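Protein chains in written order, with our numbering: chain W, 7 to 374; chain G, 5 to 529.
Just below is one structure, and these are the notes that go with it.
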Amino acid sequence: MTWQIKKQDIPLLAIGAKLIGCGGGGNLLTIQNLLLSMMKEDDTITVKTLADLEDEWVVGTGMMGSTVFYNERIPSGEEESQALQLYENSVQQKAEAVISVEIGGVNGLAPILTAFLNHLPVVDGDYMGRAFPEISMTTFHLNQNSISPLVLLAEETRTIIQRVEDIQLVSETAKDFMMKNGGNVHFAGFGAKASKVKASMIPGSLYLIFRLGKALTKELRVSEKMEEMMAVFDNSLYGKPIPIISGVVSEVSRWFESESLIGKFAVDGQSSFSNKKVEIEFRNEFISIKEKNYICTTPDLILVLDAEKLSPYNVSEIQRGLSVIILAVPAPNILRTKEMLEYVGPRNFNLAVSYQPLQGEHHDEAWN
Amino acid sequence: MKLGIDVGGTNTDVVIVGNEGKLLSWKKQLTSNDIISGIEAATKAVIKDARIVPEQIEGIFIGTTHVQNALYHPVQLSKTAVIRIMKSPSHVKPALFWPEHLKRYIGKVYHLKHFYDDSKQTLVPQELDNLYRDLIKENIEAICIAAVNSPLNPIEEFYLRDQLKNVFPEMPITMSHELGSFGFIERENAALLNAILSKVIRQAMMELTDLFRKLNLNCPCWLTQNDGSLIELHEAIDYPIFTIGSGATNSFRGASILSGLRECIVVDFGGSTIEIGKIRNGQPESTESSSSFLNIDVNLRVPKMYSLPIGGGSLISIDNGVVQIKETIANDLEHQGISWGGDSWTITDSFLKVNPEMFADEKMTLDRLEKLSYEDCQMVIKKVTQEIKEKIARLEVNSDGLPVVLVGGGSKLLVNRLFGKYKRVYHPLCNHISNAIGACYAPLSAQYDKVFWLMNQTKEEIIEQEKGKLFQQLLRKGAKEESIKVDSIEEFPFDYFKGEVLRIRMKAIGDLQLIPAGDGSSIKI
């Protein structure tokens, strides 16, 4: 059944999208403020769930590249709608719904703005189930849907990548255009008929970030909030979160390599975890947790939360001295299939291990 | 010798500290409604008590919540125009999450297109003339200029500021690049708040200048900033937002000076709040991540601290065996508290029930504590100390065993309560005036928060070059050369962008020349 997004839901969606971004996907302040600036109190956006989709032509919109620049050169708000229009002209077909390509971070909310401005419904689902750095890391691509044509819009110029089937080539062409034009661009693409969308998307992820945001903003004690959040995940395509550690960030190193923000940090356990120490590696997103050996790797989700408010941290906010709680969340099954692990498994993030499901996933462990 | 002044919500404290670090006199006085008469009375009292003449004072150091209060209870705020310089106007509204009582001071939002091209200025004169006319028509009292990319290249903000100054020489103008780094919304917020506060600070500075002249105090005068360092009175006029959070920092520094400890945790137990912070290497530690005032994201450096909404005057109730800590009656504690013959059960009463010998003043009548249950009071104490211990633990990263220094009016309640045998806890003399003392020992600082494109230079070369600039700035401000050092360097590499882009935030500090080093060599009393 369809549901509605109202103006007051936007901050909740922003928190949920940040949480599920697992440290990546950027700071959501600008996209959130854009939506809040443009929506009036009684405006609504219709959300179509899996069951509501019939044979609509569904298009993905969002931004690619540096979210630092996105938050500095604040968009007018109309960029993705312009990109959508160019896309529609190019494929000679009108979009009947929009969808998020990446539910984690800025791109979890960007299609909502496109939907709002173009009076279109937005689909309850996405093609990543979290945040990932490459367009090849999508269930859309996994299902052999063609990424091209892809419209890219920069401040001064625009381009359409079309008739390119090789995903690596699309990706490189897009990045090249982005680098030459200021470091971030807005896109429209990933067009498909509803039947294909249904088969390839991760359904319900928009509703999930809404419920997560709601759980995290309730006036509750940390332990109660934690239970609420656990229950939300438990009642979704994702697995129940597993508490890894509660402690303090003791060392952080961060550097820049081949277009990614790379680094690691250590967490020294406190109270019931006082003898434990873990290391988290990141590459745009949090990608692994190591104790002696790896205990969690991508595509499973690593959530780093403020120990007092349970609000999520992204990679660039991690600083020495923060008190954090770290959870590992089993990713939806589609991300853990052999085929999808070829794109989103540990080796795609330069980790020298094979994917192992999370330990302790199947027995219920209570959070203390 | 130095005159230290701390203007808080409840009390105005003034101290005189001699050149060898001897506390010559102090005065605690209720903060007056007009602020200034309280300062005047307390200052006259300390000068008299110290048996000195005003000419002997060589520097005045003020920590005040005055500017901060103006944000909570808006008075003297300026009607402010925002001028955005960007490629195309954004639908993002300025001041989106601001409380309504501040939002209404935003007069008008103007848009200019980027007007520098290959370092040539292309602004149309007609456009500027229209702007000037409209600013006059709208009765604008202050201006905030926020240009996209200004942290990387501030030339447009400077150019427009200069043009506006020519036409409106008296107009306070804030340029966003001076108040923040990348992240347009936070930077615009900070610049806008700063501009709105320009009348408040001008008024306060004028009154202070007049007062000190009247009292024959003709020495230099500094305010303490959010990060605990000094800013000269005339310089502070352009940066009021830098002074909105200095109270706690001064108290932490004072605790370090009074105890002689250069590494410690400080617990400032006041009437309405408990503030817990940390001193590292003699300096209060500041936050590295985002910060906010009144829920407005501003990304300014503020002290890293935990503020518990609990104080000596907090009311207590027990519901179903669970302790509830409620609002504070700090200002009326001595009328309504049970220990003073009143009927309100407070945290102070709970501590006194269990340890009646802890402190006494002539107005207290402890017999009324009879009606409180000993066990309930134990529960209250346990809850309060538990919360403090938790926050202390959070500040103790990799540095277990840091001593704890207790300061503030309620701190005597905590003595022997925090850690028993295994932890060193200090409760220095004069802890109740640690803010005013801390202000006297604040260092000078210079800082830099800029974005660099690493093209022809390495990161190390840029850091060296910027360090040199900061040291020069400190010398000009009057720092002792041998005391100048880098306090912190943080690097934030940018994601995704080809060719390295790096934001560097660096801060250097140095001791003020006229004063013997505030190196924790301990104050003599």
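Every residue gets a Cβ at the ideal spot worked out from N, C-alpha and C, and that includes glycine.
It should be emphasised that the depicted structure is a prediction, and the values quoted were computed from it without experimental measurement.
(Q) Here's the rule I'm using: 16 or more other beta-carbon atoms within 10 Å means buried, otherwise exposed. How should G:Glu464 be labelled? (A) exposed
Q. Mapping DSSP to helix, strand and coil, what is G:Ala3?
A. In the structure as shown, chain G begins at 5 and stops at 529. Residue 3 of chain G is therefore absent and cannot be evaluated.
Q: Keeping to the same chain, check which residues put their C-beta closer than 7 Å to that of W:Lys199; ignore five residues upstream and five downstream.
A: So the list reads Asp61 and Trp63, once near-sequence residues are dropped.
Q. From this set, W:Phe138, W:Ser142, W:Ile141 and W:Leu115, which residue's C-alpha is nearest W:Val381's C-alpha?
A. Because chain W in this structure spans residues 7 to 374, residue 381 of chain W falls outside the shown range and cannot be described.
Q) Quick one: what's got a C-beta closer than 6 Å to W:Leu328's C-beta in the same chain, skipping five residues either side? A) Correct list, in chain order: Val255.
Q. Could you give the distance in angstroms between the alpha-carbon of G:Ile488 and the alpha-carbon of G:Gln477?
A. 10 Å
**Q.** Cβ neighbours of W:Phe122 in the same chain (closer than 8 Å, five flanking residues each side left out)
**A.** In its chain, beyond the 5 residues on either side, Leu41, Met44, Met45, Asp49 and Ile51 have a beta carbon closer than 8 Å to the beta carbon of W:Phe122.
**Q.** Cut-off 8 Å between Cβ atoms - residues of its own chain near W:Met346, not counting five sequence neighbours on either side
**A.** Thr145, Leu148, Pro305 and Ile340
Q: Report the rounded CA-to-CA distance for W:Asn95 versus W:Ile37, giving the unit in angstroms.
A: The straight-line gap separating the alpha-carbon atoms of W:Asn95 and W:Ile37 is approximately 26 Å.
(Q) For a test of the three-state rule: what should DSSP assign to G:Pro78, helix, strand or coil? (A) Residue state, collapsed to three classes: coil.
Q) How about G:Gly258 and G:Ile441: are their beta carbons less than 8 Å apart? A) Against a cut-off of 8 Å, the Cβ pair of G:Ile441 and G:Gly258 comes out as a contact.
Q: Identify the contact partners of W:Arg79 in chain G, using a Cβ-Cβ distance below 8 Å as the criterion.
A: Met90, Lys91, Val152, Asn153 and Phe188
Q. Rounded to a whole number of angstroms, what is the C-alpha to C-alpha distance between G:Cys444 and G:Gly8?
A. 5 Å
Q. Which residues of chain W have a Cβ atom closer than 7 Å to the Cβ of G:Ser94, listed in chain order?
A. Ile80, Pro81, Ser82 and Gly83
(Q) Rounded to the nearest angstrom, what separates G:Glu366 and G:Met209 at their Cα positions? (A) 39 Å
Q) Roughly how many whole angstroms lie between the Cα atoms of G:Glu211 and G:Thr16? A) When rounded, the distance between both Cα atoms is 16 Å.
Q: Examine the Cβ distances between the stretch 84 to 103 of chain G and the stretch 145 to 158 of chain G and report whether three or more of them are shorter than 8 Å.
A: yes
Q) Rounded to the nearest angstrom, how far is the Cβ of G:Cys381 from that of G:Lys357, given a contact under 8 Å? A) 4 Å
Q. Which runs of the alpha helix (DSSP H) spanning at least 4 residues fall entirely within the stretch 123 to 194 of chain W, listed in chain order?
A. 145 to 148 and 173 to 186
Q | Nearest-angstrom Cα separation, counted from W:Glu291 out to W:Gln99 | A | 35 Å
(Q) Quick check: the Cα distance between W:Ser87 and W:Thr120, rounded to an integer number of angstroms? (A) Distance between W:Ser87 and W:Thr120, taken at the CA atoms: about 6 Å.
**Q.** Cβ-based contacts, 8 Å cut-off: residues of the stretch 385 to 396 of chain G near chain W
**A.** Result list empty, no residue passes.
Q | DSSP-derived helix/strand/coil call for G:Leu156 | A | In this structure, G:Leu156 counts as coil in the three-state DSSP scheme.
(Q) Just to confirm, is the Cβ distance from W:Asn299 to W:Asn33 under 8 Å? (A) no
(Q) Given this structure, state the Cα-to-Cα distance separating G:Thr332 from G:Gly316, to the nearest angstrom. (A) When rounded, the distance between both Cα atoms is 8 Å.
Q) Are the C-beta atoms of W:Glu371 and some chain G residue less than 8 Å apart? A) At W:Glu371, the pLDDT of 41 sits below 50, so the modelled position is not reliable and the matter cannot be decided from this model.
Q: Under the assumption that G:Leu376 contacts G:Ile342 (Cβ atoms under 8 Å), give the Cβ distance between them as a whole number of angstroms.
A: Contact between G:Leu376 and G:Ile342 holds: their C-beta atoms lie close to 7 Å from each other, under 8 Å.
Q: Could you check if W:Gly269 is buried or exposed, using at least 16 other CB atoms within 10 Å of its CB as the buried criterion?
A: buried
Q: Could you confirm whether any beta carbon from chain W is found closer than 8 Å to the beta carbon of G:Tyr500?
A: Since pLDDT at G:Tyr500 reaches only 45, below the 50 mark, its modelled position is unreliable, and no value is offered.
Q. At a Cβ threshold of 8 Å, is G:Gly8 touching chain W?
A. Output row for G:Gly8: interface = no.
Q) Under the three-state reduction of DSSP, which class applies to W:Lys13: helix, strand or coil? A) helix
Q) How big is the Cα-Cα spacing for W:Val26 and W:Pro139? A) It is worth fixing the name first, because residue 26 of chain W is Ile in this sequence and not Val. One C-alpha to the other measures close to 14 Å.
(Q) Looking at the strands, I want to know which residues DSSP matches up with G:His115. (A) G:Arg88
Q. Nearest to W:Thr67 by CA position, among W:Val112, W:Trp261 and W:Lys296, is which residue?
A. W:Thr67 has its Cα closest to that of W:Val112, out of W:Val112, W:Trp261 and W:Lys296.
Q.
Strictly under 8 Å for the Cβ-Cβ distance: is W:Leu159 near chain G by that measure?
A. Cβ-Cβ to chain G under 8 Å: no for W:Leu159.
Q. Chain W beta carbons: is any one of them nearer than 8 Å to that of G:Arg509?
A. By this cut-off, G:Arg509 is not an interface position.
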